[in-house]
Amino acid sequence: MLTVFDHPLIKHKLTIMRDKDTSTKDFRDNLDEIGSLMVYEMTRDLPLTDVEIETPMTKMTGSKLAKDVVVVPILRAGLGMTTGILNLIPTAKVAHIGLFRDEETLEPHVYFEKYPKNMPEAVTIVVDPMLATGGSAVAAIDMVKKQGAKNIKLVCLVGAMEGVKNVEEHHPDVDIYLAALDDHLNENGYIVPGLGDAGDRIFGTK
Ligand code: PRP
Ligand code: URA
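Take 29 as the starting number for the sequence shown in our numbering and just add one per residue.
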């Protein structure tokens, strides 16, 4: 299922990020903040379990998260949303998947992977600001499934329909969350209007 968030704060912050004159610092800060806002919305269906506690007044039955959460940033750009997500789910474990997209073929290449042990039982949130052809997201989801992940969500900032269709075709069980669904990909596989190269804008490498 595809969800495109319609929250005014997300739209406001994303517009700042799209602006080519926005500084590296402001780009990073806004991405962090949008990461928190998006994860707040997309975790509404997390299962809860009862927990018996005692307030200063009396005993009561409260709630706690029933499942662990694993956040999986796709390096590099996924790192830019991870702090914002961890601010809201501080108990989450973090897996890392290093992927870069070949500039000619647009095929993803894996250069790093590291996972916590609890992936089969956890809710897994794969994170990458850009969903262009979807090749990177499909490869990352393949990789977390090999680790036993079953309950998987993909959160991206800006997506193109090509990428959404690619993920839906290969992984129909994965829910996709976007802040915006943009118009098209250009001949170099960049999202238009998009925001440019997310990794370069987060880390100031161009
Ligand atoms: C970007 C982006 C995604 C990928 C999206 O990463 O962060 O991972 O491209 O494109 P796709 O949907 O066509 O696969 P990039 O390969 O530029 O690496 P970086 O994050 O290290 O800059
Ligand atoms: N990767 C990016 O960083 N930006 C795009 O528009 C497409 C892929």
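Glycine included, every Cβ here is placed at the ideal spot set by N, Cα and C.
Between which residues of its own chain and residue i is the CB-CB distance below 6 Å, once the five residues before and five after are set aside?
i	result
valine 151	Lys95, Val97 and Asn179
Can you find a heavy atom of the ligand NAP that lies under 7 Å from the Cβ of residue i?
i	result
isoleucine 117	The ligand NAP is not part of this structure, which contains only the ligand PRP and the ligand URA.
Tell me the DSSP secondary structure of residue i in three-state form.
i	result
lysine 145	coil
valine 172	helix
arginine 129	strand
asparagine 115	helix
Flag this pair as yes or no: are the beta carbons of residue i and residue j separated by less than 8 Å?
i	j	result
leucine 185	methionine 158	yes
arginine 56	isoleucine 230	yes
valine 99	leucine 114	yes
valine 236	aspartate 228	Because residue 236 is not part of the residues shown, which for the chain are 29 to 234, the question remains open.
Rounding to the nearest angstrom, what Cα-Cα distance links residue i and residue j in this structure?
i	j	result
methionine 70	glutamate 131	32 Å
glycine 191	histidine 199	12 Å
histidine 137	valine 122	20 Å
threonine 83	proline 75	23 Å
alanine 177	alanine 105	22 Å
glycine 224	methionine 109	16 Å
glycine 112	glutamate 196	26 Å
glycine 222	threonine 119	32 Å
At a cut-off of 7 Å, would you count residue i as near the ligand URA, judging by its Cβ distance to the nearest heavy atom?
i	result
alanine 130	Per the sequence shown, the amino acid found at residue 130 is aspartate instead of alanine. Result no, Cβ not under 7 Å from the ligand URA.
isoleucine 81	no
isoleucine 102	no
glycine 106	no
isoleucine 219	yes
glycine 227	yes
alanine 123	no
alanine 120	no
alanine 160	yes
Is residue i near the ligand PRP, with its Cβ less than 7 Å from a heavy atom?
i	result
alanine 208	no
serine 164	yes
aspartate 156	yes
leucine 223	no
Report all residues from its chain with a CB closer than 8 Å to the CB of residue i; omit the five preceding and five following residues, and keep chain order.
i	result
glutamate 141	Ala123, His124, Ile125, Gly126 and Met171
For residue i, which residues from the same chain have a beta carbon less than 7 Å from its beta carbon, with the 5 sequence-adjacent residues on both sides left out?
i	result
proline 144	Val98, Lys121 and Ala123
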